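Protein chains in written order, with the numbering used here: chain A, 41 to 298; chain B, 21 to 285. Note that the Cβ used here is the ideal one computed from N, Cα and C, for glycine as well. The structure presented is a predicted model; accordingly, all values stated were derived computationally and were not measured. Shown next, in structure tokens, is the structure this report addresses.
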């Protein structure tokens, strides 16, 4: 099978807030054309891993590379989808305004958006099936619609890796499966990393699962409902942080507390 | 009523009110959507220290207010976060420090003690013509900067983290925005005074935010709403012989409460 290109690589990453250790010796590789689910209890460091990948938190030790370069060099290749519930619903912005933010870059400073920007944004909205409400105010959308708009904003960055923070929090099952179908289309073109505290939510469409609770436990394939994809991926050795292959997620959760 | 316009001071007051409304409508929109009403309050009270310093050094108190306002805007935007202090703690410190410095400087200034009340509560009816030009210049600076930084301000107000990931210099943009707030405060000092500045920065924009859901339109509506409050407030204060700054604020608050009943949610 063709070797996949590595998108993001974390090596021995440690993060501390004051005296509290949030991440310890995390090793993780994200490859193109696959969806990696990072799961773990609240406060376990899931969001911290995302922020390390985004360069919003500098690790206390360890190394992070994005497409072979530093975060600063290649951060523009990352599309970031934050939690949709954290936004001010009264904010005076239309769907279109929000998606256009994806076209911002350091180079755009003091320059306006052009036709290329508008075309990319229209394409991004089309990809998530949100063109029909491009003029709606962001606060008037349902949770699922708002989530898709935030994905469109990330796609407007023309990313090669997409990072999503709790994308299906408080979404019902129909909304959720529609959302994952979009993600599985997207992984044809890029790497996808999503963070969730809901194990069930990530099971069907996710190719690999990493469990994080200070330390990272890596599953080379997902254990639940994964028959057809399970044999496709081999376990890259550098990805097993502490050499504990967990066969059943449930058991692993119980062991995490220690 | 219209005959009051034959007085120069009334015409100047109206022009001052309109010039102030332009700045506070535009910058107020950022203050409201970014939820930094109290940072703005901190900057405005810090500017009082500059007014005192201006008197003490024998230069224009408004120049002092500009310098002090911008200085504390930079302090709050840049250093406070780096020192790991909580935002509201820094606001409280800057707020009271500015007031204390203002009072001490004025106290130490030899000779006639200036009328502090006019800075604290405004004196729109006493605005001299050269100050109108100063206000106009500040408006031009504010409008031009907002025009240049529009999409960066917009992104930083909506989602700082995302803007940072996109390579926007978020800290710099924030400091520029705080400096614009400082300039707006200086513009408003003459009209409503330092203590009431917060009302003019928040009320017109808040009402506009209920009426429209587009940032540019929100700015436009906030400017118009601000103008209406200025004119009505001035009219009422003239007719009833009330202090103008406080009357403008009261009219604004009434408008705010009224808009809460009839504006859409």
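- For residue 95 of chain B, there are no CB contacts under 6 Å within the same chain when 5 residues up- and downstream are skipped.
- Distances from the CA of residue 38 of chain B to each of B:72, B:57, B:155, B:214 were compared; the closest alpha carbon is that of B:155.
- Spatial neighbours of residue 87 of chain B in its own chain (CB-CB distance under 7 Å, excluding positions within 5 residues in sequence) are listed in chain order as 70.
- In terms of beta-carbon proximity, residue 172 of chain A stays away from the interface with chain B, with every pair separated by 9 Å or more.
- Beta-bridge analysis with DSSP links residue 177 of chain A to A:134.
- Collapsing the DSSP output to three states places residue 197 of chain A in coil.
- Below the 9 Å Cβ cutoff, chain A contributes 115, 116, 120, 141, 142, 143, 144, 145, 146, 148, 197 as neighbours of residue 186 of chain B, in chain order.
- Rounded to whole angstroms, the separation of the alpha carbons of residue 72 of chain A and residue 223 of chain B is 50 Å.
- For the region 81 to 101 of chain A, the set of residues with a beta-carbon nearer than 8 Å to any beta-carbon of chain B comprises 94, 95, 96, in chain order.
- Taking C-beta separations shorter than 8 Å and ignoring five residues to either side along the sequence, the partners of residue 254 of chain A in its chain run 61, 62, 63, 64, 84, 85, following chain order.
- In its chain, beyond the 5 residues on either side, 74 have a beta carbon closer than 8 Å to the beta carbon of residue 80 of chain B.
- For the region 214 to 246 of chain B, the beta-carbon criterion of a distance under 8 Å to any beta-carbon of chain A is satisfied by 229, 232, 233, 234, 235, 237, 238.
- Look at residue 46 of chain A here: in three-state DSSP terms it is strand.
- Taking a Cβ-Cβ cut-off of 7 Å, the neighbours of residue 134 of chain A in chain B comprise 234, given in sequence order.
- Secondary structure within the region 56 to 88 of chain B: not one fully enclosed beta strand (DSSP E) run of 3 or more consecutive residues is present.
- Note on geometry: alpha-carbon atoms of residue 82 of chain B and residue 265 of chain B lie some 18 Å from one another.
- Close to chain A, meaning a Cβ-Cβ distance shorter than 7 Å, are the following residues of the region 46 to 58 of chain B: 53.
- Taking a 10 Å sphere around the C-beta of residue 225 of chain A, we find fewer than 16 other C-beta atoms and assign the residue as exposed.
- Nearest to residue 227 of chain B by alpha-carbon distance, out of A:130, A:67, A:47, is A:130.
- Under the Cβ criterion of 9 Å, residue 179 of chain B is counted among the residues facing chain A.
- Around the beta-carbon of residue 114 of chain B, 16 or more other beta-carbon atoms lie within 10 Å, marking it buried.
- Cβ contact annotation for residue 124 of chain B (same chain, cutoff 8 Å, sequence separation greater than five): 72, in chain order.
- Sorting A:140, A:146, A:164, A:165 by C-alpha distance to the C-alpha of residue 154 of chain A places A:140 at the top.
- Judged by DSSP in its simplified three-state form, residue 129 of chain A adopts coil rather than helix or strand.
- Note that the region 185 to 192 of chain A touches the region 166 to 175 of chain A; at least 3 beta-carbon pairs, one per stretch, sit closer than 8 Å.
- Residues of chain A with a Cβ closer than 9 Å to the Cβ of residue 101 of chain B do not exist, since the nearest Cβ in that chain sits about 14 Å away.
- DSSP, reduced to helix, strand and coil, places residue 77 of chain A within a strand of the structure shown.
- Note that the region 207 to 224 of chain B touches the region 51 to 63 of chain B; at least 3 beta-carbon pairs, one per stretch, sit closer than 8 Å.
- For residue 205 of chain A, same chain residues with a beta-carbon under 7 Å away, outside a window of 5 residues either side, are 87, 90, 121, 122, 123, 235 in chain order.
- Taking every protein chain shown into account, the CB of residue 216 of chain A has 16 or more other CB atoms within 10 angstroms, so this residue is buried.
- In this structure, residue 162 of chain A and residue 195 of chain A do not form a Cβ contact; the two beta carbons are roughly 11 Å apart against a cut-off of 8 Å.
- Beta-bridge partners of residue 154 of chain A (DSSP): none assigned.
- DSSP places residue 33 of chain B inside the alpha helix (DSSP H), whose first and last residues are 28 to 53.
- Rounded to the nearest angstrom, the gap between the Cα atoms of residue 26 of chain B and residue 186 of chain A is 55 Å.
- Nearest in C-alpha terms to residue 110 of chain B, of all of B:213, B:97, B:127, B:144, is B:97.
- Under a 10 Å Cβ-count criterion, residue 65 of chain B is classified as buried, with 16 or more other Cβ atoms of the shown protein chains found around its own Cβ.
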